[in-house]
Amino acid sequence: MQLAVRVVAAFLGLAALSVAQAATTVLTNFTLIDGTGRAPTPGSALIVENGRISWVGTQQSLKLPSGATVVDLAGKFVTPGLIDNHVHVGLVHDLTQDINFYSRELVEQQLRIYAAYGVTAVQVLGTDTDVIFGIRADQRKAPTDMARVYTSGQGLVFKGSYGGVAGLNKPVANVAEARQAVDEQVAKGVDFIKLWVDDEFGDLPSRMPADISKAIIDQAHKHGLRAIAHIFYLQNAKTLASQGVDGFAHSVRDLPVDQALLDDMKRHDIVQMAATLSREASFTYTKLPFLDDPFFNRSITPAALATLKSPERQQKLAAGKHFAQYPGVLDTALKNTRREIEAGVRYGVGSDSGPSGRFSGHFLHWEMELMVQAGLSPLQVLTAATSTNAKLIGAKDLGTIEPGKSATLLVLDADPVADIRNTRTIHAVYVAGKPVSTIWSVCTGRAANECKGGSTGGAHGER
Ligand SMILES: [Zn+2]
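Residue numbers (mature numbering (1 follows the signal peptide of the UniProt record, and there is no 0)): -22 to -1, 1 to 441.
Written as C-alpha cells, this is what we have:
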C-alpha cells in the first residue's frame, strides 16, 4: 500500500510527500481480535506508523492522520500474526530430509512460506546450523518480509538416545560434556536451550539420564536462558519438572498426566509449550486428508504432492513399525492437553512442522483446529497462538494489537472465533506494517518443468 502511495505521488509529481506520511497506514472498519483474550470488537480501526501500531480504537473515535493510506477492511477480522513455538527449518526439500540442504536460501524461503500462512514468528527447536544466527541478525536490523525466527541452535542429545539431526547435533555422553555443550550454544547467542529425553518407543538403547538433564537445565539457568525439553514419557516429564525445566515441547504421550505432575507444572509455572497434536495426527494417516485443499497444496511442489498421493508411500507408511500405535498416542495427547488446561497449566501452540511430511505454516492451522478438538475455545487457541506464544518465545513487540507493538497482523475474511478453521481465510498478512505475499509456491525459483500445474508464486517468489 505504501508502494502504491509512492507510485501515485511520483506520477503526480508530488515529490514532497514526506516519508512519515508515506509510512502511515490506517486500517478501518474491521472486527478486532487483539490477542489478549478479550472478546472481538466490531467497528475497529488502527493506525500504523513506521511499522508499529500507534493507535487502536473504535471507528468513531478514529482521527485520520493527513496523508495516510487508508485500507477499508469492512467485514474482515484482524488478529495479531500467528506464532508457531515449535518448528524446524532448512532440513527438507519436498519430502527429502538432509542436513546438507540447510542454507540461508532454503531457511528464508520457508520463513516466507510461514509468513504467507499468517505465521509471522517461529521458534526453532534445536536443529539449526550456525547459518541461523546471520539470518536472525539481519531480520532484527532491517524490515523483513518473512516470519521472525528464534533459535536454540543445536539442541542437546544424549549419546544413543533419540533426538536431533544426524551430522548436526553432537551427542553428549556425560555431565561435563553437557555443561560445555550448553556453554557453546550460549556463546553463539541462542534464545533458549533445547534437550531431548526419549528413546523412540524403546527402539533406541537409552534416554538422557537424569543427572545430565539436570546439568543442562542448571547450566541454561546459570546463563539466564530457558530450558525446553522434548518429552514422550510421563516419568521423564516428572523428573524434568522436579529439575526445574521451563517447558515441554510435546505432550506426555504414553500415559495420562497425573495430579502430581499437574501440581508441579502449576507450582513452578512449567509451560506446556506445544501439544504438537498435528504431528501425532499426521502419523495416523497413510494419506493426509487435505491433499486436495488449495490452502495446503499451494505450498507443495506437484512432485511432492504426487508422492504424498502415491500408493507406494501409503503402503510404506502403513507397514511402519509404529503406525498402529499412533491413534492411541494422538488420543493420549488430546486428553492430556485437556487435563492440563482444565488444571490451569499455562500453554502455548506449536506444530513441530518442518521435518519431512510436516508442512510449514499449514500445520499450525491444523494444530489450532486440533486444540479446539482437545477442548479449548477458538478464542483460547487464538490467544495462546498470539500473546501467550509471544511471551513464551520472548517476542516482546508481537502477539497483541496494542499501541507500541509491531504491526504484524493477520487479516481474515471470516470469523475465527466462530470457527477456528476460519484462520485459513487469509485476506492479508502484514509484517511490521507491510503487506507480504499470501500466495506462495515453493516452485518459484525452481526449474519451470518441476512446477507444471502448481500455483504461481507471489511477489516474494519473484526475488
Ligand atoms: Zn521438534
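Glycine is no exception: its CB is placed at the ideal position from the N, C-alpha and C atoms.
- Bounds of the beta strand (DSSP E) holding residue 30 are 30 to 36.
- Three or more beta-carbon pairs drawn from the region 333 to 347 and the region 272 to 280 are found closer than 8 Å, and the two stretches are therefore classed as touching.
- Relative to ligand 1, the nearest heavy atom lies less than 7 Å away from the CB of residue 103.
- For residue 127, the enclosing beta strand (DSSP E) has its first and last residue at 126 to 129.
- Excluding its 5 nearest sequence neighbours in each direction, residue 354 has C-beta neighbours in its own chain below 7 Å: 319, listed in chain order.
- Exclusion of the five residues before and after residue 366 leaves 326 as the residues of its chain whose Cβ lies within less than 6 Å of its Cβ.
- Here DSSP, grouped into helix, strand and coil, assigns residue 334 to coil.
- Taking 7 Å as the cut-off, one finds at least one heavy atom of ligand 1 near enough to the beta carbon of residue 330.
- Within the chosen limit of 7 Å, ligand 1 reaches the beta carbon of residue 227 through at least one heavy atom.
- DSSP places residue 146 in no beta strand (DSSP E); its state is neither H nor E.
- 218 is the residue among 208, 179, 161, 218 whose C-alpha sits nearest the C-alpha of residue 242.
- Beta-bridge analysis with DSSP links residue 407 to 388, 414.
- Annotation: the continuous alpha helix (DSSP H) that includes residue 359 extends over 356 to 361.
- Annotation for residue 280: the continuous alpha helix (DSSP H) segment containing it runs 280 to 287.
- In the three-state DSSP reduction, residue 184 falls in the coil class, being neither helix nor strand.
- A heavy atom of ligand 1 is found nearer than 7 Å to the CB of residue 64.
- In the structure shown, the three-state DSSP call for residue 325 is strand.
- In chain order, 1 place their CB closer than 6 Å to the CB of residue 28, counting only its own chain and leaving out the 5 sequence neighbours on each side.
- Note on residue 377: 16 or more other CB atoms within 10 angstroms of its CB, so buried under the neighbour-count rule.
- Under DSSP, residue 208 forms a beta bridge with 174.
- A distance of 8 Å or more separates the beta carbons of residue 122 and residue 66.
- Under DSSP, the beta-bridge partners assigned to residue 71 are 74.
- Listed as beta-bridge partners of residue 87 by DSSP are no residues whatsoever.
- Inclusion of residue 251 and residue 215 in the CB contact set at 8 Å is not warranted, their separation being larger than that value.
- One Cα belongs to residue 409, the other to residue 151, and the distance between them is close to 43 Å.
- Taking 8 Å as the cut-off, the beta carbon of residue 140 is found no closer than this to the beta carbon of residue 102.
- Among the bridge pairs identified by DSSP, residue 23 is matched with 35.
- In this structure, the straight-line span from the alpha carbon of residue 321 to that of residue 49 is close to 43 Å.
- Just so you know, the alpha carbons of residue 311 and residue 324 end up roughly 16 Å apart.
- Residue 99: member of the beta strand (DSSP E) spanning 97 to 102, first to last residue.
- With at least 16 other beta carbons inside 10 angstroms of its own, residue 142 counts as buried.
- Measuring C-alpha to C-alpha distances from residue 264 to each of 375, 177, 287 identifies 287 as the nearest.
- Nearest Cα to residue 120 within the set 416, 417, 412: 412.
- In the structure shown, residue 197 adopts helical secondary structure according to DSSP, grouped into three states.
- Assigned with DSSP and collapsed to three states, residue 8 falls in strand.
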